[in-house]
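Scroll down for the structure; my scribbles are underneath it.
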Amino acid sequence: MADSRAIGIFDSGLGGLTVAKEIIKRLPDENIVYFGDTGRVPYGTRSRETIQKYAAQDESFLLKKDVKLIIAACGTVSSVAADSSGNLPVPFFEMVTHAAAAAVAVTKNKKIGVIGTSATVASGSHKKEILRLMPDADVTAAACSLFVPLVEEGWYASDDIVVTQTVKRYLEPIVKAQCDTLILGCTHYPVLIKAISAVLGDKVSLINPGVAVAEAVAYYLGKYGMSNSGNAEPTHSFFVSDKPASFKNQASVLLGEEIDDSKVEQVDLSSL
Ligand code: DGL
Numbered sequence: 002m003a004d005s006r007a008i009g010i011f012d013s014g015l016g017g018l019t020v021a022k023e024i025i026k027r028l029p030d031e032n033i034v035y036f037g038d039t040g041r042v043p044y045g046t047r048s049r050e051t052i053q054k055y056a057a058q059d060e061s062f063l064l065k066k067d068v069k070l071i072i073a074a075c076g077t078v079s080s081v082a083a084d085s086s087g088n089l090p091v092p093f094f095e096m097v098t099h100a101a102a103a104a105v106a107v108t109k110n111k112k113i114g115v116i117g118t119s120a121t122v123a124s125g126s127h128k129k130e131i132l133r134l135m136p137d138a139d140v141t142a143a144a145c146s147l148f149v150p151l152v153e154e155g156w157y158a159s160d161d162i163v164v165t166q167t168v169k170r171y172l173e174p175i176v177k178a179q180c181d182t183l184i185l186g187c188t189h190y191p192v193l194i195k196a197i198s199a200v201l202g203d204k205v206s207l208i209n210p211g212v213a214v215a216e217a218v219a220y221y222l223g224k225y226g227m228s229n230s231g232n233a234e235p236t237h238s239f240f241v242s243d244k245p246a247s248f249k250n251q252a253s254v255l256l257g258e259e260i261d262d263s264k265v266e267q268v269d270l271s272s273l
């Protein structure tokens, strides 16, 4: 039996649209509800308690929309608040587990790099999961705090000197550790994939967690008979917690699609 309920995706802001992009590509028949907490972004510099509280409110909003599963697209939420999502009434997917599994599957020299926000790197979440899967792996993590503002400023071209120099500087520890695989552990980083690749060279495999999660979700929906039938044109709905201004520009970069600001609804989470 088809399950036409939407897949719920949330993020601290609009970065999670890079994950929505991979879900839409892999599961084109599915309805999507996206929530970006644009009124409270960034999460990456906040305390664990605050991130957990915000994530719980984001999840409550998606549950009100009757979603069939929830994806925490945010690398920070996935790293520091995923434990508290264990009791949700719908299946929950985060970005760490499947990215770690993908990295372990492709590394040859067992030297794996992870980049993310300060909160993500401080949590050690990827390292823990990689070592669970591959106890003799050597994991090097680096917080790349300027990557999110760079992408949001529209500076991500691989021939832009500011971009390449910034990427080069942040990735020094990854290069030094001779990692042959790098997890892009933050929503915005797939936008920098060309610039990162230009710095690391094509021998380093870059893991986009959105791709790994899309594959896992596709498998799950198939296994439990929860896929949508594809009879009706799927709907993609977008909600934010601040004014939707500039959604269109950000969406064209992060989602690869222009969504008019008028199609985006502002919601108030304070009562949740
Ligand atoms: N979405 C966040 C992440 O993936 C990046 C932006 C933020 O710090 O909230 O970690």
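Counting from 2, one number per residue, gives the positions in the sequence shown under the working numbering. Note that CB positions come from ideal geometry on N, CA and C, so glycine has one too. Please read these numbers as outputs of a predicted model, since none were measured by experiment.
Look at the alpha carbon of M90 and the alpha carbon of E130, and state the distance between them as a whole number of angstroms.
Here residue 90 corresponds to residue number 89 of the sequence shown, with the count starting at 1. Here residue 130 corresponds to residue number 129 of the sequence shown, with the count starting at 1. In the sequence as presented, Met is not what sits at residue 90; that position holds Pro. Near 24 angstroms, if we compare the C-alpha coordinates of E130 and P90.
Could you check the C-alpha separation between V268 and T108 for me, to the nearest Å?
If you number the sequence shown from 1, residue 268 lands on position 267. If you number the sequence shown from 1, residue 108 lands on position 107. Those two C-alpha atoms are separated by around 42 angstroms.
For a test of the three-state rule: what should DSSP assign to G9, helix, strand or coil?
The residue given as residue 9 occupies position 8 in the sequence shown. Assigned with DSSP and collapsed to three states, G9 falls in strand.
Beta-carbon proximity check, T165 vs A74, cutoff 8 angstroms
For the purposes of this step, residue 165 is identified with residue 164 of the sequence shown, where counting begins at 1. For the purposes of this step, residue 74 is identified with residue 73 of the sequence shown, where counting begins at 1. The answer is no: Cβ separation not under 8 angstroms.
Rounded C-alpha distance that separates S263 from K244
Taking the sequence shown and counting its residues from 1, one reaches residue 263 at position 262. Taking the sequence shown and counting its residues from 1, one reaches residue 244 at position 243. Going by C-alpha positions, S263 is about 10 angstroms away from K244.
So, are the CB atoms of F148 and L193 less than 8 angstroms apart?
Locating residue 148 in the sequence shown gives position 147, where the first residue counts as 1. Locating residue 193 in the sequence shown gives position 192, where the first residue counts as 1. Against a cut-off of 8 angstroms, the Cβ pair of L193 and F148 comes out as a contact.
In angstroms, rounded to a whole number, what distance separates the CA positions of I113 and Q179?
One-based indexing of the sequence shown puts residue 113 at position 112. One-based indexing of the sequence shown puts residue 179 at position 178. Pairing I113 with Q179, the inter-Cα distance amounts to about 9 angstroms.
Using the Cα positions of S48 and S79, report the straight-line distance between them to the nearest angstrom.
Locating residue 48 in the sequence shown gives position 47, counting from the first residue. Locating residue 79 in the sequence shown gives position 78, counting from the first residue. Computed Cα separation, rounded: 14 angstroms.
Segment limits, alpha helix (DSSP H) that includes T121
As a first step, residue 121 is located in the sequence shown; it is residue number 120 there, counting from the start. Residues S119 to S124.
For Y157, I'd like the list of residues in its chain whose CB is within less than 7 angstroms of its CB, leaving aside the five on either flank, ordered along the chain.
Your numbering for residue 157 matches position 156 in the sequence shown. For Y157, where only same-chain residues beyond five positions count, the Cβ hits under 7 angstroms are L151, V164, V192, L193 and A196.
Identify whether V68 lies in helix, strand or coil by the three-state DSSP scheme.
Mapped onto the sequence shown, residue 68 falls at position 67. The three-state secondary structure of V68, taken from DSSP, is coil.
DSSP has Q267 in a bridge; who is on the other side?
Numbered from its first residue, the sequence shown carries residue 267 at position 266. DSSP lists V241 as partners of Q267.
So G186 packs on V115, CB below 8 angstroms; how close in whole Å?
Numbered from 1 along the sequence shown, position 185 holds the residue referred to as residue 186. Numbered from 1 along the sequence shown, position 114 holds the residue referred to as residue 115. 5 angstroms between Cβ atoms; contact.
Can you tell me the Cβ-Cβ gap for T77 and I52, rounded? I've got them flagged as a contact below 8 angstroms.
Along the sequence shown, one-based indexing puts residue 77 at 76. Along the sequence shown, one-based indexing puts residue 52 at 51. Between T77 and I52, the beta carbon gap of about 6 angstroms places them in contact (Cβ cut-off 8 angstroms).
If you check the beta carbons only, do A138 and K111 fall under 8 angstroms apart?
Translated into the one-based positions of the sequence shown, residue 138 becomes position 137. Translated into the one-based positions of the sequence shown, residue 111 becomes position 110. Less than 8 angstroms divides the Cβ of A138 from the Cβ of K111.
Look at the alpha carbon of L134 and the alpha carbon of V105, and state the distance between them as a whole number of angstroms.
For the purposes of this step, residue 134 is identified with residue 133 of the sequence shown, where counting begins at 1. For the purposes of this step, residue 105 is identified with residue 104 of the sequence shown, where counting begins at 1. Their backbone Cα atoms lie some 7 angstroms apart in a straight line.
Residue(s) in a DSSP beta bridge with K112
Position 111 of the sequence shown holds residue 112. DSSP output for K112 lists D139 as bridge partner(s).
Shortest alpha-carbon distance to P174 belongs to which of A142, K204, Y190 and H237?
The count along the sequence shown starts at 1 and reaches residue 174 at position 173. Distances from the CA of P174 to each of A142, K204, Y190 and H237 were compared; the closest alpha carbon is that of A142.
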